[in-house]
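Everything below concerns the one structure shown next.
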Amino acid sequence: MTINQIFVLGLYAGCVIGGPYGPSGSLSLYRSIRYGWRIGLSTASGSLLAIFLFSFLSALFIEFASYVINYQHIITKIRLAFGIVLLVAGIKLGYSNLKSNFDKKDLEENDHLGTWTSMISSFVVGLVSGKNLIGFPSFLFATQYVTSNSIPALIKAVAFSSGSLLSSSILYILLVAIGARLKAFLGRCIFVFVKHTIPFIFIGLGLYLIVHGLL
Numbered sequence: 004m005t006i007n008q009i010f011v012l013g014l015y016a017g018c019v020i021g022g023p024y025g026p027s028g029s030l031s032l033y034r035s036i037r038y039g040w041r042i043g044l045s046t047a048s049g050s051l052l053a054i055f056l057f058s059f060l061s062a063l064f065i066e067f068a069s070y071v072i073n074y075q076h077i078i079t080k081i082r083l084a085f086g087i088v089l090l091v092a093g094i095k096l097g098y099s100n101l102k103s104n105f106d107k108k109d110l111e112e113n114d115h116l117g118t119w120t121s122m123i124s125s126f127v128v129g130l131v132s133g134k135n136l137i138g139f140p141s142f143l144f145a146t147q148y149v150t151s152n153s154i155p156a157l158i159k160a161v162a163f164s165s166g167s168l169l170s171s172s173i174l175y176i177l178l179v180a181i182g183a184r185l186k187a188f189l190g191r192c193i194f195v196f197v198k199h200t201i202p203f204i205f206i207g208l209g210l211y212l213i214v215h216g217l218l
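Mapping of the sequence shown onto our numbering: residues 4 to 218, in sequence order.
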């Protein structure tokens with residue numbers, strides 16, 4: 004893979020894995036609706052920082068694992084393991100989504116919320132997000148990322164994480180704009196849609212890894 008292809012791969016990963024789905028997305032949407040675009044953007048910034056960190060570290064981890072292991076059958080087993088974990092996570096997330104709805108009471112906060120406070124709190128939420136922790140390594144294992152060994156690992160990681168950050172930023176900005184301008188009704192409809200879409204993405208990617216690992 005060339006450096007441009009890795010960047011495009013990062014763009015795709017940002018849409019699939021780093022999009023405003025789950026707790027980070029709901030937090031950004033809710034704060035945009037309640038506090039306006041400024042707090043919404045600061046919340047989104049914290050989430051995006053966590054996405055960039057996970058995508059960057061995941062790229063370095065995959066690169067390191069490919070050098071240390073360097074055995075195709077072991078890499079195949081790792082893909083199979085990640086596929087099973089991702090499949091279970093997708094099913095669990097989908098099941099929990101069916102039992103819960105978007106509710107302001109779940110995200111009650113003080114009326115006076117600072118910019119830095121909102122950013123730091125959303126960054127912490129992003130750090131503990133299973134979507135980021137499991138999603139980015141699984142995504143990279145499902146691609147031919149490790150085959151581009153002629154490019155330095157750090158440059159590859161920067162290209163991949165930059166692409167992920169760019170596409171994720173666009174999606175988060177759109178979400179904040181919708182929350183701040185169109186308010187609760189349409190914002191809630193979009194949140195429910197993306198909330199119930201991400202489990203299918205996880206399940207699909209997990210099945211792909213499992214099939215790829217068994218064949």
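Glycine included, every Cβ here is placed at the ideal spot set by N, Cα and C.
Under 9 Å, do I87 and P202 count as touching if we go by C-beta distance? Going by beta carbons, I87 and P202 fall outside the 9 Å limit.
If distances are taken between C-alpha atoms only, which option among G28, R41, R37 and I158 comes closest to V128? When only C-alpha atoms are compared, the closest one is G28.
Is the beta carbon of Y148 closer than 9 Å to that of I9? Closer than 9 Å, so yes.
Hey, could you find the ends of the alpha helix (DSSP H) I181 is sitting in? Note, I181: alpha helix (DSSP H), A156 to R184.
Sort L51, I137 and I158 by Cα distance to S61 and report the nearest one. For S61, the nearest C-alpha among the options comes from I137.
How would you label R34, buried or exposed, when you count the other beta carbons within 10 angstroms and need 16 or more for buried? Residue environment for R34: buried (at least 16 other C-beta atoms within 10 angstroms of its C-beta).
In the DSSP assignment, the alpha helix (DSSP H) including T120 goes from what residue to what residue? It spans T118 to L130 - the alpha helix (DSSP H) in which T120 sits, taken as one unbroken run.
L130 and G13 closer than 9 Å at C-beta: No.
Given that a residue counts as buried once 16 or more other Cβ atoms are within 10 Å of its Cβ, and exposed if not, what is T5? Under this definition T5 is an exposed residue.
So F163 and S58 are supposed to be a Cβ contact under 8 Å. How far apart are they, rounded? Right, the Cβ-Cβ distance comes to about 6 Å (below 8 Å), so this counts as a contact.
Which two residues bound the contiguous alpha helix (DSSP H) that contains P140? That run of the alpha helix (DSSP H) goes G133 to F144.
Taking only three categories from DSSP, how would you classify Y24? Y24 falls in the coil class under three-state DSSP.
If S31 and S124 are in contact, beta carbons under 8 Å, what's the gap, nearest whole angstrom? Going by Cβ atoms, the distance from S31 to S124 rounds to 11 Å, so no, they are not a contact pair.
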